[in-house]
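Worksheet for the structure shown next.
2 protein chains.
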Amino acid sequence: MQHLPGVGPKTAQRLALHLIKRPDEDVQALAQALLDAKQQVGFCQVCFHLSAEPVCEICRHPQRDPDTICVVSDSRDVIALEKTREYKGKYHVLGGVISPMDGIGPEQLTIQPLIRRVSQQQIKEVIIAISPSVEGETTTLYLGQLLRPFTKVTRIAFGLPMGGELEYADEITLARALEGRRELE
Amino acid sequence: MQHLPGVGPKTAQRLALHLIKRPDEDVQALAQALLDAKQQVGFCQVCFHLSAEPVCEICRHPQRDPDTICVVSDSRDVIALEKTREYKGKYHVLGGVISPMDGIGPEQLTIQPLIRRVSQQQIKEVIIAISPSVEGETTTLYLGQLLRPFTKVTRIAFGLPMGGELEYADEITLARALEGRRELE
Chain A
-16 MQHLPGVGPK TAQRLALHLI KRPDEDVQAL AQALLDAKQQ VGFCQVCFHL SAEPVCEICR
44 HPQRDPDTIC VVSDSRDVIA LEKTREYKGK YHVLGGVISP MDGIGPEQLT IQPLIRRVSQ
104 QQIKEVIIAI SPSVEGETTT LYLGQLLRPF TKVTRIAFGL PMGGELEYAD EITLARALEG
164 RRELE
Chain B
-16 MQHLPGVGPK TAQRLALHLI KRPDEDVQAL AQALLDAKQQ VGFCQVCFHL SAEPVCEICR
44 HPQRDPDTIC VVSDSRDVIA LEKTREYKGK YHVLGGVISP MDGIGPEQLT IQPLIRRVSQ
104 QQIKEVIIAI SPSVEGETTT LYLGQLLRPF TKVTRIAFGL PMGGELEYAD EITLARALEG
164 RRELE
């Protein structure tokens, strides 16, 4: 269990000792649940978000705006954005960001299916919501070039986080916050 | 010394014992430096930033754009923004934010002198750079209403901080990052 993310040697030992003490049925139920999850959960054919069905719940949802696609690198980002309850469009999960150092090029990501989606449907806006890092910037700019012939391409704002104090913000965040300033309405 | 910010009983004791062990001249020099600083450092007459002169170095600097004023709540924010080396205009230090709970209304801040500056000079843009909190928002909107008749009023961007992971951002920051999205250039 040490190989699980966030589980070090101590936690692994605690988990193992806990399971050994539980009744057999409980451990069997957990093992079965893990196998079932692994078997049943796959990727949505349309947006590549995790899904137990061939097409995920968000893609099938009739009330969600089909003209807007929010591009993220990972399914965890979909979950984070859904928690805001602000976004009502669809998603596209890339499965990572372009990172030549790690051997991840555009062909390892779901970029081709994204281009296909955007070129074949009437998409009004693609919102790129990728975390700001060198690889994230590269991926955003690359996607921008590919998608701009088909639709409007926007990216999420970078700046001061909520509850953040100007005084404690790092220089790059402050510089981006200044650069990204907008007219007060 | 316990009353100084960041100095609790333990640190106060450590500082006191340290000073007692130092030669007399050292302690006298420190005491004199404190008195001198208190006596010599005041507020700039124009922007209310800390200054040893009647008008501060930034206000007097001939290369700084006199048509742009960045409004901050505190002198510490000026120092933070100067570190970015991105901003080349002037400042205005409010001396706090509007906070009725703490008995701070507009008249306790340097808002009147700011209005006078903006109405009497040719100011092209006022950038409001106030940390996002309930009081900060109130102050920003209040200033926007007062200043908009005279000039363009902008505010710094709120969103994902640099190096921030989408997945770990709080909901309000993510919602603001989505809302503040801009077209990819």
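So the protein lines, in turn, are chains A and B. Numbering follows our numbering, in which position 172 of the first sequence is assigned residue number 155; successive positions increment by one, without gaps. Numbering follows our numbering, in which position 165 of the second sequence is assigned residue number 148; successive positions increment by one, without gaps. Here a beta-carbon is modelled for each residue, glycine too, at the ideal position from N, C-alpha and C.
Separation of Ile155 (chain B) from Glu150 (chain A), as counted between CA atoms: Along the first sequence, read from residue 1 onward, the residue named residue 150 (chain A) stands at position 167. Along the second sequence, read from residue 1 onward, the residue named residue 155 (chain B) stands at position 172. The alpha-carbon atoms of Glu150 (chain A) and Ile155 (chain B) are separated by roughly 20 angstroms.
Same chain, Cβ closer than 6 angstroms to Ile139 (chain B), five either side skipped, listed in chain order: One-based indexing of the second sequence puts residue 139 (chain B) at position 156. Correct list, in chain order: Ala112.
Rounded straight-line distance, which links the Cα of Leu126 (chain A) to that of Leu97 (chain A): Against the first sequence, residue 97 (chain A) aligns to sequence position 114. Against the first sequence, residue 126 (chain A) aligns to sequence position 143. About 10 angstroms.
Per DSSP, cross-strand counterpart(s) of Val24 (chain B): Walking along the second sequence from the start, residue 24 (chain B) turns up at place 41. Val24 (chain B) is not bridged to any residue.
Proximity to Arg165 (chain A) [Cα-Cα], best of B:Ile110, B:Gly25, B:Asp85 and B:Leu157: Your numbering for residue 165 (chain A) matches position 182 in the first sequence. B:Ile110 is the residue among B:Ile110, B:Gly25, B:Asp85 and B:Leu157 whose C-alpha sits nearest the C-alpha of Arg165 (chain A).
Candidates A:Gly142, A:Pro37 and A:Asp48: closest to Ser114 (chain A) by CA position: Start at 1 with the first residue of the first sequence, and residue 114 (chain A) comes out as number 131. Taking only the C-alpha atoms, the option nearest Ser114 (chain A) is A:Gly142.
Residues bridged to Val76 (chain B) [DSSP beta-bridge criterion]: Translated into positions along the second sequence, residue 76 (chain B) becomes position 93. In the DSSP output, where bridge partners are listed per residue, Val76 (chain B) has B:Val55.
Range covered by the alpha helix (DSSP H) that runs through Glu154 (chain A): Position 171 of the first sequence, counted from the start, is the residue given in the question as residue 154 (chain A). In this chain, the alpha helix (DSSP H) harbouring Glu154 (chain A) covers Glu154 to Glu162.
Short CB-CB distance (under 9 angstroms) between Ser56 (chain B) and chain A: By 1-based counting over the second sequence, the position of residue 56 (chain B) is 73. Ser56 (chain B) has a beta carbon lying within less than 9 angstroms of a beta carbon in chain A.
Span separating the alpha-carbon of Gln128 (chain B) from that of Val54 (chain B): In the second sequence, residue 128 (chain B) corresponds to position 145, counting from 1. In the second sequence, residue 54 (chain B) corresponds to position 71, counting from 1. In this structure, the straight-line span from the alpha carbon of Gln128 (chain B) to that of Val54 (chain B) is close to 14 angstroms.
Chain-ordered chain B contacts of Leu161 (chain A) [CB-CB under 9 angstroms]: As a position in the first sequence, residue 161 (chain A) is number 178, starting the count at 1. Cys53, Leu64, Thr67, Glu69, Tyr70, Ile110, Ala112, Ile139 and Ala140, listed in chain order.
Per DSSP, cross-strand counterpart(s) of Leu143 (chain A): Here residue 143 (chain A) corresponds to residue number 160 of the first sequence, with the count starting at 1. Beta-bridge partners assigned by DSSP to Leu143 (chain A): B:Phe141.
Beta-carbon contacts of Pro(-8) (chain A) that lie in its chain and below 6 angstroms, excluding the five residues immediately before and after: Locating residue -8 (chain A) in the first sequence gives position 9, counting from the first residue. Non-local beta-carbon contacts of Pro(-8) (chain A) in its own chain, meaning distances under 6 angstroms to residues more than five positions away in sequence, involve Gln(-15) in chain order.
Contacts of Glu150 (chain A) in chain B (Cβ-Cβ under 9 angstroms): Position 167 of the first sequence, counted from the start, is the residue given in the question as residue 150 (chain A). Ordered by position in chain B, the residues that pass the 9 angstroms Cβ test against Glu150 (chain A) are Asp57, Arg59, Asp60, Ile62, Ala63 and Ser114.
Proximity of Gln(-4) (chain A) and Pro49 (chain A) at Cβ, strictly below 9 angstroms: As a first step, residue -4 (chain A) is located in the first sequence; it is residue number 13 there, counting from the start. As a first step, residue 49 (chain A) is located in the first sequence; it is residue number 66 there, counting from the start. With a cutoff of 9 angstroms on beta-carbon distance, Gln(-4) (chain A) and Pro49 (chain A) are scored as not near each other.
Closer than 7 angstroms at the beta carbon, the chain B residues around Met145 (chain A): Residue 145 (chain A) sits at position 162 when you count from the first residue of the first sequence. Near Met145 (chain A) (Cβ distances below 7 angstroms), the residues of chain B are Pro115, Phe141, Asp153, Ile155, Thr156 and Arg159.
Per-residue contacts from Glu166 (chain B) into chain A (C-beta, under 9 angstroms): Looking up residue 166 (chain B) in the second sequence gives position 183. Listed along chain A, the residues sitting closer than 9 angstroms to Glu166 (chain B) by beta-carbon distance are Lys135, Val136, Thr137 and Arg138.
Continuous alpha helix (DSSP H) stretch holding Ile113 (chain A): start and end: Counting from 1 along the first sequence, the entry for residue 113 (chain A) is found at position 130. Segment: none, Ile113 (chain A) is in no alpha helix (DSSP H) and carries neither H nor E.
Helix, strand or coil at Leu33 (chain A) according to DSSP, with G and I counted as helix: As a first step, residue 33 (chain A) must be located in the first sequence, where it is residue number 50. Strand at Leu33 (chain A).
C-alpha gap between Asp9 (chain B) and Ala(-1) (chain B), whole angstroms: Indexing the second sequence from 1 puts residue 9 (chain B) at position 26. Indexing the second sequence from 1 puts residue -1 (chain B) at position 16. Inter-residue distance for Asp9 (chain B) and Ala(-1) (chain B) is about 13 angstroms (C-alpha atoms, whole angstroms).
Beta-carbon separation (whole angstroms), Ile52 (chain B) vs Tyr74 (chain B), contact threshold 8 angstroms: Here residue 52 (chain B) refers to the residue found at position 69 of the second sequence. Here residue 74 (chain B) refers to the residue found at position 91 of the second sequence. Between Tyr74 (chain B) and Ile52 (chain B) the Cβ distance is about 7 angstroms, and since that is below 8 angstroms, they are a contact.
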